[in-house]
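Undergrad: Sharing a structure with you now.
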Amino acid sequence: MATILFYILATTALAATWMCITRRNPVHAVLYLVNAFFALALLFYLLGAPLVAAWEVIIYAGAIMVLFLFIIMMLELAPDQPVKGPGWRRWGPVLLLSAVLLCSTLLLIVADPGGANGIPRYYASPRTFGYALFKEYALAVEIVSFQLLFAAVGAYYVGRSDKKVTCPGEEVP
Amino acid sequence: MIVPLSHILGFSSALFVMGLACVLARRDLIMILIGIEIMLNAVGLALVGASAFWQKVDGQIFVIFLMAMTSAEVAISLAMVVYLRRQKATLDADAYDGMKG
Chain V
2 MATILFYILA TTALAATWMC ITRRNPVHAV LYLVNAFFAL ALLFYLLGAP
52 LVAAWEVIIY AGAIMVLFLF IIMMLELAPD QPVKGPGWRR WGPVLLLSAV
102 LLCSTLLLIV ADPGGANGIP RYYASPRTFG YALFKEYALA VEIVSFQLLF
152 AAVGAYYVGR SDKKVTCPGE EVP
Chain C
6 MIVPLSHILG FSSALFVMGL ACVLARRDLI MILIGIEIML NAVGLALVGA
56 SAFWQKVDGQ IFVIFLMAMT SAEVAISLAM VVYLRRQKAT LDADAYDGMK
106 G
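As structure tokens, this is what we get:
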């Protein structure tokens, strides 16, 4: 059961990634990439990493891809002329991939591979995970927090505008 | 293990090659960044597969660090995309072939 799900999800992820890297419109590419990330999150769950699966959805699909979409829409990078051709050609692949993902999720919930059937598989419980993360890798966690701080400061420095910002009511000297 | 490790590694390397092809072939800065994202995810999948193979949690912790690194990288690189767009009003990577300084 879990083995079949693995191959279905791997095919879905590969197809979504292929659609992603061949799109001309960056918005479509980002949406297909979100699809691939959902498939990868289910794969992570199948491989015994539930926390990583949750963070894949929250951080990658939720935060990073939305940041990409935000920048694309802010800079108006997407072509504004409508795509020629029938509508199913645009919506068919993403509908198919999403349907496969939804069916896989339902199968995963219903069948619960490894739980009921007793298939031995590795499962990192939150206790094991947290203990290893904050005990053995405590220094690395601190370094990563510094790295995120530097990234925030660097992004602010690079992204600042040269023009002096004035408040609406303020007199421009 | 639900599947052999070689299948996981093969799948992850296929994803990695797709990301690499995207970085090498596309000239749009946004698509290059998306290719980098795909490559980082392929590496994460290989790490999780190795973690399941050796029954150790360390691989998953490396994926967490990978995610933190990716967030920092995306923040900086998208800020640079906005900066470059202000400079030249294009995001074609070939347009940025000169250095000043």
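Residue numbers (our numbering), protein chains in the order written: chain V, 2 to 174; chain C, 6 to 106.
Heads up, the beta-carbon is just placed ideally off N, CA and C, and yes, glycines get one too.
Nothing here was measured: the structure is a model prediction, and the numbers come from that model.
(1) Give a yes or no on whether the minimum CB-CB distance between residue 27 of chain V and chain C is below 8 Å.
(2) So, does the region 37 to 44 of chain V touch the region 34 to 52 of chain C, judging by three or more C-beta pairs under 8 Å?
(3) Using alpha carbons as the reference points, say which of C:57, C:60, C:56, C:79 lies closest to residue 43 of chain C.
(4) Relative to the C-alpha of residue 155 of chain V, which candidate in C:81, C:90, C:94 has its C-alpha closest?
(5) At what residues does the alpha helix (DSSP H) containing residue 28 of chain C begin and finish?
(6) Using beta carbons (cut-off 8 Å, strictly below), is residue 36 of chain C in contact with chain V?
(7) Output yes or no for whether 8 Å exceeds the beta carbon distance between residue 134 of chain V and residue 145 of chain V.
(8) How many Å lie between residue 127 of chain V and residue 101 of chain V at the Cα?
(9) If you draw a straight line from the alpha carbon of residue 25 of chain C to that of residue 37 of chain C, how long is it in whole angstroms?
(10) Under three-state DSSP, which class holds residue 33 of chain C?
(11) With burial defined as no fewer than 16 other Cβ atoms inside 10 Å of the residue's Cβ, what is the status of residue 119 of chain V: buried or exposed?
(12) Please list, in chain order, all residues of the same chain as residue 20 of chain V whose beta carbon is under 7 Å from its beta carbon, the five residues on each side excluded.
(13) Along chain C, which residues have their Cβ under 8 Å away from the Cβ of residue 65 of chain V?
(14) Opposite residue 97 of chain C in the DSSP bridges: which residues?
(15) Relative to the C-alpha of residue 36 of chain V, which candidate in V:110, V:61, V:108 has its C-alpha closest?
(16) Name the chain C residues that come within less than 8 Å of residue 72 of chain V, Cβ to Cβ?
(17) Which residues of the region 39 to 54 of chain V have a Cβ closer than 8 Å to any Cβ of chain C? Give them in chain order.
(18) For residue 57 of chain V, count the other beta carbons within 10 Å of its own beta carbon; 16 or more makes it buried, fewer makes it exposed. Which is it?
(19) With distances taken Cα to Cα, identify the nearest neighbour of residue 8 of chain C among V:18, V:23, V:15, V:45.
(20) Does the Cβ of residue 65 of chain C have 16 or more other Cβ atoms within 10 Å, making it buried, or fewer, making it exposed?
(21) Leaving out the 5 sequence neighbours to the left and right, which residues in its chain are closer than 6 Å to residue 112 of chain V when beta-carbon positions are compared?
(22) Compare the C-alpha of residue 161 of chain V against each of C:61, C:20, C:91 and name the closest.
(23) For the alpha helix (DSSP H) containing residue 146 of chain V, list its first residue and its last residue.
(24) Please report the straight-line C-alpha distance between residue 13 of chain V and residue 29 of chain V, rounded to a whole angstrom.
(25) If I'm right that residue 23 of chain V touches residue 20 of chain C with Cβ under 8 Å, what's the distance once you round it to whole angstroms?
(26) Verify whether the separation of the beta carbon atoms of residue 11 of chain V and residue 16 of chain C is less than 8 Å.
(27) Alpha carbons only, please: which of C:62, C:77, C:86, C:31 is nearest the one belonging to residue 71 of chain V?
(28) For residue 98 of chain V and residue 27 of chain V, what's the separation of their Cα atoms in angstroms?
TA: Based on what the coordinates show:
(1) Interface criterion met: the Cβ of residue 27 of chain V is under 8 Å from a Cβ in chain C.
(2) Counting C-beta pairs with one atom in each stretch, the region 37 to 44 of chain V and the region 34 to 52 of chain C have three or more that are closer than 8 Å, which means they touch.
(3) The shortest C-alpha separation from residue 43 of chain C is found at C:79.
(4) For the residues C:81, C:90, C:94, the minimum Cα distance to residue 155 of chain V belongs to C:81.
(5) Counting along the chain, the alpha helix (DSSP H) containing residue 28 of chain C begins and ends at 10 to 30.
(6) Residue 36 of chain C belongs to the set of residues whose beta carbon lies under 8 Å from a beta carbon in chain V.
(7) No; because the gap between Cβ atoms is not below 8 Å, this pair is not in contact.
(8) Roughly 29 Å between the two C-alpha positions.
(9) Residue 37 of chain C has its alpha-carbon roughly 9 Å from the corresponding atom of residue 25 of chain C.
(10) In the structure shown, residue 33 of chain C adopts extended strand secondary structure according to DSSP, grouped into three states.
(11) Note that residue 119 of chain V has pLDDT 45, beneath the 50 cutoff, so the model's placement of it is unreliable and the number below is only indicative. A residue is called buried when at least 16 other Cβ atoms come within 10 angstroms of its Cβ; residue 119 of chain V does not meet this threshold and is exposed.
(12) In its chain, beyond the 5 residues on either side, 33, 94 have a beta carbon closer than 7 Å to the beta carbon of residue 20 of chain V.
(13) Residues of chain C with a Cβ closer than 8 Å to the Cβ of residue 65 of chain V are, in chain order, 42, 75, 76, 79.
(14) Its beta-bridge partners are C:33.
(15) Nearest option by C-alpha distance: V:61.
(16) Per Cβ cutoff of 8 Å: 35, 83, 86, 87.
(17) Per Cβ criterion, the list reads 41, 44, 45, 47, 48, 49, 50, 52, 53.
(18) Its Cβ being crowded by 16 or more others within 10 Å, residue 57 of chain V is buried.
(19) The shortest Cα separation from residue 8 of chain C among V:18, V:23, V:15, V:45 belongs to V:45.
(20) With 16 or more other Cβ atoms inside 10 Å of its own Cβ, residue 65 of chain C counts as buried.
(21) Hits under 6 Å: 2.
(22) Measuring from the Cα of residue 161 of chain V, the nearest candidate turns out to be C:91.
(23) Residues 139 to 160.
(24) The straight-line gap from Cα to Cα measures roughly 16 Å.
(25) Cβ-Cβ separation between residue 23 of chain V and residue 20 of chain C: approximately 15 Å, too far for a contact (criterion under 8 Å).
(26) In this structure, residue 16 of chain C lies closer than 8 Å to residue 11 of chain V by Cβ.
(27) Here the closest residue by C-alpha is C:86.
(28) Take the alpha-carbon of residue 98 of chain V and the one of residue 27 of chain V: they are about 18 Å apart.
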